[in-house]
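A.B. asks: Structure provided below as C-alpha cells; questions to follow.
Number of protein chains: 2
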Amino acid sequence: MKRELLVENPRPDGYHLMLELYGCEAHKINSRKFLHQAVKSAVKQVGLTNLGSRFHQFEPHGVTGFTLLAQSHISLHTWPEYGYLVLDIFTCGDQEQADKLADHFLKRLRPSRINRQVVRKGFQYLPERP
Amino acid sequence: MKRELLVENPRPDGYHLMLELYGCEAHKINSRKFLHQAVKSAVKQVGLTNLGSRFHQFEPHGVTGFTLLAQSHISLHTWPEYGYLVLDIFTCGDQEQADKLADHFLKRLRPSRINRQVVRKGFQYLPERP
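Residue numbers (our numbering), protein chains in the order written: chain A, 15 to 144; chain B, 15 to 144.
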C-alpha cells in the first residue's frame, strides 16, 4: 500500500493529539466491542484508511486497543473503575481529519471533562542543536 | 488477563515516552521483520507482557507497527527515505522499565540524533480547573 501521507505531505511532520477523558460511563469504556466500533466508525466517517486493529479486554475491567492507519495510528486505554480513558491520535496526514476523528469519538463517549495535549513531531519541529 | 498495573499502581497515572530517531540506517527501518523483532526482543528483555502486535510494510518504503502490552503500548512509524523513526512507549507500569525498553531498542537502531519528550497522564497530573 502506498503511504497516503506521501501524496500531501512529503516530509514526515506529524501531529500527535493526546486526549484524556474523565467521567466516562463505565459500561461503555469497559466494552471492547463498543470501543472498537466507535473507533472504526470514526475512522470511516473522516475517510482515513484502516490497516487493522487489535483490542483487548481485561478482567475484571479495562480495555486497551490500537488501530493502525495508513496515516498513522489511534490507541486507547481505559480504566472503567475511574471513568477514565486515554486516547492518542497520531497523524502525518491532515490535522483537521485527526481533530474531526476525535470529535466523532467524543460524541459517543460524552466525558464530563477532557484534557487535551498536542505534540508536534518531525523535521519541521526539530529543535536546533545547542 | 489481570491488568498488571493494578498490582503496583492502583491509579491510572501514566508515563508516555516519545522518541524521534534521526539518522537511522534505511535498510533497518525499512524492514518490518527487523523492527518487529527489535520490539519483541526489547519487551522480553525488560519483562513486559506482550499482548500482540501488528506491523505493516508500506511500498515503496516505510513501516508502521504497534505492540499492545498489559502495561500499555509501543508504536512506531518509519520514513526510511529520511532515516527517521517515531517511537512511542506508553506505560502505566514501571517508568524505569519503559526507559530500559527504549534503551534496548536504541542499541539496535543507533540513530545519530534523538529527540525525547515525556508526557504525563492521569489523575495525578490533572491540571486544576480554572
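Every residue gets a Cβ at the ideal spot worked out from N, C-alpha and C, and that includes glycine.
Here the structure is a predicted model, which is why all the values come from computation and not from measurement.
1. At what residues does the beta strand (DSSP E) containing F119 (chain B) begin and finish?
2. With C-beta atoms as the reference, is H87 (chain B) less than 7 Å away from F104 (chain B)?
3. Look up F48 (chain B) in the DSSP assignment and say whether it is helix, strand or coil.
4. Report the residue ranges of all beta strand (DSSP E) runs contained in full by the stretch 70-98 of chain A; include only those spanning at least 3 residues, in chain order.
5. Cβ closer than 8 Å: which chain B residues qualify as neighbours of L82 (chain A)?
6. Looking at the unbroken beta strand (DSSP E) that takes in Y139 (chain B), where does it start and where does it end?
7. Tell me the DSSP secondary structure of S67 (chain A) in three-state form.
8. Is Y98 (chain B) close to chain A, meaning its C-beta is less than 7 Å from at least one C-beta of that chain?
9. Taking the alpha-carbon of K42 (chain A) as reference, which of A:V132, A:R127, A:Q138 and A:L123 has the nearest alpha-carbon?
10. Anyone know if the C-beta pair for Y36 (chain A) and R127 (chain A) falls short of 7 Å?
11. Report the partner residues of G28 (chain B) according to the DSSP bridge assignment.
12. Give me the Cα-Cα distance between M15 (chain B) and E39 (chain A), rounded to the nearest whole angstrom.
13. Inspect the CB distances between the stretch 46-60 of chain B and the stretch 48-59 of chain A and report whether three or more fall short of 8 Å.
14. Under 9 Å between beta-carbons, which chain A residues line up against S86 (chain B)? List them in chain order, please.
15. Report yes if the CB atom of T78 (chain A) is closer than 7 Å to the CB atom of H70 (chain A), and no otherwise.
16. Quick check: the Cα distance between P94 (chain A) and L33 (chain B), rounded to an integer number of angstroms?
17. Whose Cβ in chain A lies nearer than 8 Å to the Cβ of V133 (chain B)?
18. Using beta carbons (cut-off 7 Å, strictly below), is P26 (chain A) in contact with chain B?
19. Please check if any C-beta of chain A sits within less than 7 Å of the C-beta of L49 (chain B).
20. Hey, is L65 (chain A)'s beta-carbon within less than 7 Å of any beta-carbon in chain B?
21. Roughly how many angstroms separate the alpha carbons of H75 (chain A) and G136 (chain B), rounded to a whole number?
22. Counting C-beta neighbours from all protein chains within 10 Å, is the total for Y139 (chain A) 16 or more, i.e. buried, or is it exposed?
C.D. replies: Inspection of the coordinates gives the following:
1. Under the DSSP assignment, F119 (chain B) falls outside any beta strand (DSSP E), being part of the alpha helix (DSSP H) whose first and last residues are Q109 to L123.
2. Yes, these two residues count as a Cβ contact at 7 Å.
3. Here F48 (chain B) sits in helix by DSSP.
4. Counting only runs of 3 or more residues that sit fully inside the stretch 70-98 of chain A, the beta strand (DSSP E) segments are 77-83 and 86-93, in chain order.
5. Contact of L82 (chain A) with chain B by beta-carbon distance below 8 Å involves R68, H70, T78, G79 and F80.
6. Where Y139 (chain B) is concerned, there is no enclosing beta strand (DSSP E), given that its DSSP letter is neither H nor E.
7. S67 (chain A) falls in the strand class under three-state DSSP.
8. The beta-carbon of Y98 (chain B) is placed less than 7 Å from the nearest beta-carbon of chain A.
9. Nearest C-alpha to K42 (chain A): A:L123.
10. Note that the C-beta distance between Y36 (chain A) and R127 (chain A) is below 7 Å.
11. Beta-bridge analysis with DSSP links G28 (chain B) to B:K135.
12. With a pLDDT of only 49 at M15 (chain B), under 50, the local geometry of the prediction cannot be trusted, and the value read off the model is given with reservation. So the two alpha carbons sit approximately 22 Å from each other.
13. Counting Cβ pairs under 8 Å, fewer than three are found: no touch.
14. Correct list: T78, S89, H91 and V100.
15. Result yes, Cβ atoms of T78 (chain A) and H70 (chain A) sit closer than 7 Å.
16. Taking the Cα positions, P94 (chain A) is about 29 Å away from L33 (chain B).
17. By Cβ distance, chain A contributes M32, Q131 and V133.
18. Judged by the 7 Å Cβ criterion, P26 (chain A) is in contact with chain B.
19. Not an interface residue.
20. For L65 (chain A), the closest Cβ of chain B is nearer than 7 Å.
21. Just so you know, the alpha carbons of H75 (chain A) and G136 (chain B) end up roughly 17 Å apart.
22. Exposed: under 16 other Cβ atoms inside 10 Å.
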